[in-house]
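Visitor:
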């Protein structure tokens, strides 16, 4: 049996079958047998394990390294599709940075009534400490992961902005390397945009945001440490940039400057790519018992003696409630319509939207605004009566904590399961780097919901990933 | 900046080298004992390994007697025993994990695979018929690590700390090996020269991979004094205490000079003193003053060197804990 025999994606939009640009790839896939591909996939997984490209799951006593399940059938984007996504992501990130600069300075957008002031100023992720702080290039979201989905009609829509410390880019590059080793025959002469220069682009942006007057800035990556589940990615990025991977205890502040402890004494640091959330950065300002950060870091930062990427306080902009206003934010700052539309969103803090949500609960997806990782979501059309009742009660108890969206049947991509290839739902997270200007890594992380029928692609909920090919 | 080495990395790579060296030495000792103990005193030799590592308390909490089976289990696969081979490689891998931005991918992958292999050892592999194969595999994996490191680790500051860790551990292991064996073997004057005795000294040399080298310089005689001299003072044998101390001393002086490091003077002095002494001293003199006392002194001096390195380079204060010395 060859690979695409009997593959039936209907009624969903299929990433592989619907694009004429994919014909050469479909031909090659059709020439492969399921058993042959399974064998190569198993070898590839063993290699990922040996390479330690893993995230760590902790039980009572043991740390278990798991690989992110990897599906070997690629997700392919045509040059035109990518050009559209790239423009849309740049527009989105530009607007996010305008928004952040504005709300921490003049707050014009609040005064003009485009976004309700209390939604921003009352937001748990709004950081008053950032008010009046000027950042190089007014660049707040230096690394952005924009979650895109594709609906039944093939239209790309933005589902979520990840403007804090988005993760997953290491898988994009490692997946590509894996495919190059395991399926060179599938890739030859296809013309796939490379992803290898992400580390260089990131390092370049880190130099661009260095404090003024620093000729050769020294950059570090700040990690919570080896026990963090994303530690592999921190290692990966530090290596790709060629910078030290430090932990909070490696750093110290003297006279409002940041230093790291080296064998030769203290060495000054100018830029920190931090993979710690705001609240762990500085026990003087945020969580007082955090051992992960550096005491006095925020003072040094506010004085402009060190750069942090992403900036402190970006979490307010990727909030699920603020998300609903993004099309208006884009129009306000850029005078343009959003190239990549949102998914229509009901903000349950608004009475009409709450009523609409309650009336159509079995058709809608209800999400808590503060959660990440796919937790706490109720998918109306798939929920039991009891789950819907539970969701209704939560909505009535704290409506401001929820948004609702119509259920979108995400596009599918052929995916290797047991002994066949079946359609599975996918999303796409492109990564954008912004120093003085924005650059988008061609492709991004395609996450795939491996459970049949599931729409939840998060790795914590049984999701895997695929290599994402952008054709030249 | 590009020349700077994070203090924590220096410590991690120093200990990475030590743990792998420790695992290799333990495999050597167990292997040789397995092969050479059965024709002589049985249990006593297994007890000596426990004494060598000062593990009497830990061991006898779990086991009543030091049988071959219990000692092998304790030192090969017991995850709760910090001095087991499995634990050493686990610690090596944990350090390697912290060092991943610094070390080569090949170093990491090999240690990762080695660690996973040890975690998966089956009980039957500890049966006497299979043990030699297992020890050979462990030794070879340690040596593969050493070879990959030699061939791929970028030769900046970190590689100097790696070298120092490796040779300090090796010197320490050789002193321990001599210490326990000498005590066990020599105090019975009646045994000297007997077939049993010769096979024990044979075993001692073999566990340090020194048998053939020893034969090249002492082709006709194998005496306890000769073996002690060889393992302590020989200037060319890669596992002799003298050679190891010399390596540590030279490496420290090199790294200080090449990277303009201010710290490390105390450790350098201490090593220089030890090196000079080892070069000048005669084996007879050592034995007259007591070998055990001498080995103990060397061990303490090596521990002091580690502490001085920790204070000067690893960012330790008097209060912070270092990784396990034992």
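Residue numbers (the working numbering), protein chains in the order written: chain A, 1 to 472; chain B, 1001 to 1326.
All C-beta atoms in this analysis are idealised placements derived from N, C-alpha and C, irrespective of residue type, glycine included.
Which value, in whole angstroms, describes the spacing of the CA atoms of residue 1019(B) and residue 1167(B)?
Guide: So the alpha carbons of these two residues sit roughly 11 angstroms apart.
Visitor: Helix, strand or coil for residue 1239(B), going by three-state DSSP, please let me know.
Guide: In the structure shown, residue 1239(B) sits in coil (DSSP, three-state: anything other than H, G, I, E or B).
Visitor: Report the three-state DSSP secondary structure of residue 149(A) (helix, strand or coil).
Guide: Three-state DSSP puts residue 149(A) in a strand.
Visitor: Have a look at residue 106(A) and residue 82(A) and give me their C-alpha separation to the nearest angstrom.
Guide: Each residue's alpha carbon lies about 35 angstroms from the other.
Visitor: What did DSSP end up calling residue 1040(B) once you bin it into helix, strand or coil?
Guide: Note on residue 1040(B): pLDDT 48, under 50, position unreliable in the model; the coordinate value appears next. DSSP places residue 1040(B) in coil when its eight states are reduced to three.
Visitor: On the three-pair Cβ rule with 8 angstroms, is the segment 177-184 of chain A touching the segment 343-362 of chain A?
Guide: Contact fails: fewer than three Cβ-Cβ distances are below 8 angstroms.
Visitor: Based on DSSP bridge pairs, tell me the residues matched to residue 257(A).
Guide: Per DSSP, 254(A).
Visitor: Looking at chain A, is there any beta carbon in it that lies within less than 8 angstroms of the beta carbon of residue 1313(B)?
Guide: Chain A, which has a Cβ nearer than 8 angstroms to the Cβ of residue 1313(B), makes this yes.
Visitor: Please report the Cβ distance between residue 472(A) and residue 79(A), rounded to the nearest whole angstrom; I am assuming they are in contact, meaning their Cβ atoms lie under 8 angstroms.
Guide: Sure, about 6 angstroms apart at Cβ, within 8 angstroms.
Visitor: With DSSP collapsed to three states, give me the class of residue 14(A).
Guide: Three-state DSSP puts residue 14(A) in a strand.
Visitor: Just by C-beta distance, which residues in the segment 1107-1123 of chain B are closer than 7 angstroms to chain A?
Guide: Answer set for the segment 1107-1123 of chain B: 1108, 1109, 1112 and 1113.
Visitor: Distance, Cα to Cα, residue 498(A) vs residue 166(A)?
Guide: No answer is possible for residue 498(A): the residues shown for chain A start at 1 and end at 472.
Visitor: Whole angstroms is fine: what's the gap from residue 253(A)'s alpha carbon to residue 1169(B)'s?
Guide: Whole-angstrom Cα-Cα distance: 35 angstroms.
Visitor: Step through the CB atoms of chain A and report whether any lies within less than 8 angstroms of the CB of residue 1262(B).
Guide: Taking Cβ atoms only, chain A reaches closer than 8 angstroms to residue 1262(B), which makes this a yes.
Visitor: Is DSSP giving residue 1271(B) helix, strand or coil here?
Guide: Looking at residue 1271(B) - three-state DSSP - the assignment turns out to be helix.
Visitor: Would you check if the distance between the CB atom of residue 265(A) and the CB atom of residue 294(A) is smaller than 8 angstroms?
Guide: Going by C-beta atoms, residue 265(A) is not nearer than 8 angstroms to residue 294(A).
Visitor: Counting only the same chain and skipping the five closest in sequence on each side, list residues whose C-beta sits under 6 angstroms from that of residue 381(A).
Guide: Here the set comprises 407.
Visitor: Using the three-state DSSP reduction, which class does residue 268(A) fall into: helix, strand or coil?
Guide: Three-state DSSP puts residue 268(A) in a strand.
Visitor: Cα-Cα, which of 1017(B), 1238(B), 1072(B) and 1142(B) is closest to residue 1031(B)?
Guide: Closest by alpha carbon: 1072(B).
Visitor: Quick one: using the 10 Å Cβ neighbour count with 16 as the cut-off for buried, is residue 448(A) buried or exposed?
Guide: When all chains shown are included, residue 448(A) counts as buried.
Visitor: Is the shortest distance between the beta-carbon of residue 275(A) and the beta-carbons of chain B less than 8 angstroms?
Guide: So, not an interface residue.
Visitor: Taking the alpha carbon of residue 160(A) as the reference point, which residue from 316(A), 437(A) and 355(A) has its own alpha carbon closest?
Guide: Here the closest residue by C-alpha is 316(A).
Visitor: With a threshold of 16 other CB atoms inside 10 Å of the CB of residue 1087(B), please say whether the residue is buried or exposed.
Guide: Classification for residue 1087(B): buried.
Visitor: Is the shortest distance between the beta-carbon of residue 238(A) and the beta-carbons of chain B less than 8 angstroms?
Guide: Yes, its Cβ sits closer than 8 angstroms to a Cβ of chain B.
Visitor: Would you mind telling me which residues of chain B sit closer than 8 angstroms to residue 473(A), beta carbon to beta carbon, in chain order?
Guide: No statement about residue 473(A) is possible, as the shown extent of chain A runs from 1 to 472 and does not include it.
Visitor: Determine the chain B residues that contact residue 245(A) at a beta-carbon separation under 7 angstroms, and present them in chain order.
Guide: Per Cβ cutoff of 7 angstroms: 1101.
Visitor: Let me make sure I understand the geometry here. Which of 261(A), 263(A), 273(A) and 224(A) has the alpha-carbon closest to that of residue 242(A)?
Guide: Among 261(A), 263(A), 273(A) and 224(A), the Cα nearest to that of residue 242(A) is on 273(A).
Visitor: Should residue 1259(B) be flagged as near chain A, meaning a C-beta pair shorter than 8 angstroms?
Guide: Answer yes: the Cβ-Cβ gap between residue 1259(B) and chain A drops below 8 angstroms somewhere.
Visitor: Considering only C-alpha positions, which residue in the set 1220(B), 1007(B) and 1298(B) is nearest to residue 1178(B)?
Guide: When each option's Cα is compared against that of residue 1178(B), the closest is 1298(B).
Visitor: Give the DSSP-derived three-state secondary structure of residue 106(A) in the structure shown.
Guide: It is coil, neither helix nor strand.
Visitor: Which residues, taken in chain order from the segment 1084-1099 of chain B, show a beta carbon closer than 8 angstroms to some beta carbon of chain A?
Guide: Of all residues in the segment 1084-1099 of chain B, 1094, 1097 and 1098 have a Cβ within less than 8 angstroms of some Cβ in chain A.
Visitor: Using DSSP bridges, identify the partner residues of residue 398(A).
Guide: According to DSSP, residue 398(A) bridges with nothing at all.
Visitor: When DSSP labels each residue in this structure, what does residue 1218(B) get in the three-state scheme?
Guide: Reduced to three states, the DSSP call for residue 1218(B) is coil.
Visitor: For residue 93(A), which residues from the same chain have a beta carbon less than 8 angstroms from its beta carbon, with the 5 sequence-adjacent residues on both sides left out?
Guide: Closer than 8 angstroms at the Cβ level, and outside the excluded window around residue 93(A), lie 141, 144, 146, 432, 434 and 438.
Visitor: Using a C-beta cutoff of 8 angstroms, does residue 51(A) count as contacting chain B?
Guide: Yes, because at least one Cβ of chain B sits closer than 8 angstroms to the Cβ of residue 51(A).
Visitor: Step through the CB atoms of chain A and report whether any lies within less than 8 angstroms of the CB of residue 1246(B).
Guide: No, no contact with chain A.
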